[in-house]
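Written out below as structure tokens is the structure these notes cover.
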Amino acid sequence: MFDRTSILPVIFSLATSMLLSFALTPLVKRLAYKIGAVDIPKDKRRMHDHPIPRLGGLAIFIGFVITVLIFSQADRQLRGILLGACLIVAVGVVDDSHPLGAGIKFILQIVAALIAVWHGVVIQAIASPFPFGEPYWDFGIMAVPITVIWIVAVTNSVNLIDGLDGLADGVSTIAALTMLIIALLLRDLKMAVICAALVGACVGFIPYNRNPAKIFMGDTGATFLGYMLATVSVTGLFKLYAVISFIVPFIILGFPIFDTASAFTRRILKGQNPMKADRSHTHHKLIDMGMNQKQAVATLYLIATVLGLCAVMIVTRGYIKVILSIAALGGVAFTVARIARYPHGHPKEDSHPKGQEGEEH
């Protein structure tokens, strides 16, 4: 591990971004009202019953960027990530105030991913899952499209789970914290500082976003967090060439990836537009099962935490740890699968406390 001196930037990074995010959120809330970035409940998918500002992600972004610029050296990859993040946030701010079409947002997300790729954020190879043959798979010319698909997919997956107060922010916090722990275990100070800044920015926003939420992060925050988790995982986690470690990013982001994949599959099988929002996400199913928002969010936090612990155990290696991780993953998969199969119902009004649905933010 690091000595006390070298660990200080990580601690300061987390504390600074947390304080900035917390302090900036009230200012962003005022701005949201001024530019019309307000979520007005207009359909049954919405969990809240009164207008709530939805530009909170801007505070997370500003707190993160300022902190990273102070405590991290901006090399070529980091510059590319930050430039792409600026585009993602700009699109989010516009979309939160004047909704854009899904096609336009998708194209601009690809552009943001390509900006990061152009600056060297590329999945060149992953460890082979087989004990024989080459130790890792080199993607060659397919590295760029694979990286773009990964970044865009994760960016949208976090946005799709932004449906209950504090859900996307909390799950992103757990994912970023897991990456921070792994970075410390691998003695990767650069990655640790960035992850610490991301954790702090998310934590600073939670007091305003937890149920009942005073402000939503909107597309501005959800897509930014997804983009950052995706790009940071490329620069750090995908470089682990040890056998089985290639699945670590998928485990850390397991819940949003699963929810997005099941949502798209469900819509395609029904002959619907896969981009068309509905009310059958995992968090909706938990509400339909009789949970209130706080219970549903706590359940999904627990699932995300178990996935994070599994990822950490896999990185630290050891056959027993891997076996325990696989067993835990099996339990999580079984639980989430049971929830996903729960039929869509029509819960009572009192089972829907104030909240949000971020898929159309």
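As numbered in the numbering used here, residues 1 to 361 make up the sequence shown, in order. Yeah, the Cβ is synthetic: ideal placement off N, Cα and C, and Gly gets one too. Keep in mind the model is a prediction, meaning the values are calculated, not measured.
Check: Can you tell me whether alanine 90 is buried or exposed, with buried defined as 16 or more other CB within 10 angstroms of its CB?
Finding: So alanine 90 ends up on the exposed side.
Notebook entry, point to check: Over what stretch of residues does the beta strand (DSSP E) that includes aspartate 138 continue unbroken?
Noted result: 136 to 138
Checklist line | Coil, strand or helix - alanine 125 by DSSP | finding: Strand at alanine 125.
Next item on the list: Please report how far the alpha carbon of phenylalanine 371 lies from the alpha carbon of phenylalanine 71, in whole angstroms.
Entry: As displayed, the chain neither begins before 1 nor continues past 361, which places residue 371 out of reach and without an answer.
Notebook entry, point to check: Using CA coordinates, which residue listed in Gly84, Leu114 and Asp39 is at the minimum distance from histidine 98?
Noted result: Asp39
Note to self: Going by DSSP, what residue range makes up the alpha helix (DSSP H) through proline 256?
What the structure shows: 254 to 269
Item checked: Euclidean distance between Cα positions of serine 21 and leucine 160 -> 23 Å
Next item on the list: Check each candidate in Phe216, Cys195 and Pro249 and name the one with the smallest Cα separation from leucine 14.
Entry: Cys195
Check: Just the Cα atoms here: how many angstroms apart are isoleucine 314 and alanine 298?
Finding: 24 Å
Item checked: Nearest neighbour of alanine 113, chosen from Val148, Ala102 and Leu87 [CA to CA] -> Among Val148, Ala102 and Leu87, the Cα nearest to that of alanine 113 belongs to Val148.
Checklist line | Neighbourhood of valine 193 by C-beta distance below 6 Å, restricted to the same chain and skipping five residues each side | finding: Pro9, Val10, Ser13, Phe71 and Ser72
Note to self: Which of the three DSSP states is assigned to proline 53 in this structure?
What the structure shows: strand
Notebook entry, point to check: How would you call isoleucine 81, buried or exposed, if buried means at least 16 neighbouring beta carbons within 10 angstroms?
Noted result: By the Cβ-count criterion, isoleucine 81 is buried, with 16 or more other Cβ atoms from all chains shown falling within 10 Å of its own Cβ.
Check: Can we say the stretch 24 to 38 touches the stretch 179 to 190, given the rule of at least three CB pairs closer than 8 Å?
Finding: no
Next item on the list: Sort out for me which residues DSSP pairs valine 38 with in a bridge.
Entry: Pro53
Checklist line | Inter-residue spacing [alpha-carbon to alpha-carbon] between arginine 363 and histidine 119 | finding: With the chain covering 1 to 361 only, the question about residue 363 has no answer from this structure.
Checklist line | Contact under 8 Å by Cβ, glutamine 109 with valine 171 | finding: No, the pair does not count as a contact, with Cβ atoms beyond the cut-off.
Next item on the list: Starting from aspartate 165, trace the alpha helix (DSSP H) both ways and give me its first and last residue.
Entry: Note, aspartate 165: premise wrong, no alpha helix (DSSP H); not H, not E.
Item checked: DSSP state of alanine 90 mapped onto helix, strand, coil -> helix
Item checked: Nearest to valine 256 (by Cα), restricted to the options Ala168, Pro212 and Ala183 -> Per the sequence presented here, residue 256 reads as proline, with valine not at that position. Among Ala168, Pro212 and Ala183, the Cα nearest to that of proline 256 belongs to Ala168.
Margin query: When you compare the CB positions of methionine 289 and serine 233, do they come within less than 8 Å of one another, or not?
Written below: no
Checklist line | Cβ distance (whole Å) where alanine 116 is taken to contact threonine 231 below 8 Å | finding: 5 Å
Note to self: Considering Cα atoms alone, identify which of Thr25, Thr16 and Ile7 is closest to isoleucine 206.
What the structure shows: When C-alpha distances from isoleucine 206 are compared across Thr25, Thr16 and Ile7, the shortest belongs to Thr25.
Notebook entry, point to check: What is the rounded straight-line gap between the Cα of glycine 271 and the Cα of phenylalanine 106?
Noted result: If I take the Cα positions, the gap works out to 21 Å.
Check: With C-beta atoms as the reference, is isoleucine 146 less than 8 Å away from isoleucine 174?
Finding: In this structure, isoleucine 174 does not lie closer than 8 Å to isoleucine 146 by Cβ.
Note to self: Can you tell me whether leucine 55 is buried or exposed? The criterion is at least 16 other CB atoms within 10 Å of its CB, across all chains shown.
What the structure shows: Burial call: buried.
Next item on the list: Under the assumption that alanine 201 contacts isoleucine 303 (Cβ atoms under 8 Å), give the Cβ distance between them as a whole number of angstroms.
Entry: Incorrect: roughly 23 Å between the Cβ atoms, too far for contact.
Checklist line | Anticipated Cβ contact below 8 Å, leucine 300 with valine 154, distance rounded | finding: The pair is not a contact, with the Cβ atoms about 17 Å apart (cut-off 8 Å).
Margin query: Tell me the DSSP secondary structure of aspartate 188 in three-state form.
Written below: coil
Next item on the list: Count the other C-beta atoms from every protein chain shown that fall within 10 angstroms of the C-beta of aspartate 259, then say buried if there are 16 or more, exposed otherwise.
Entry: buried
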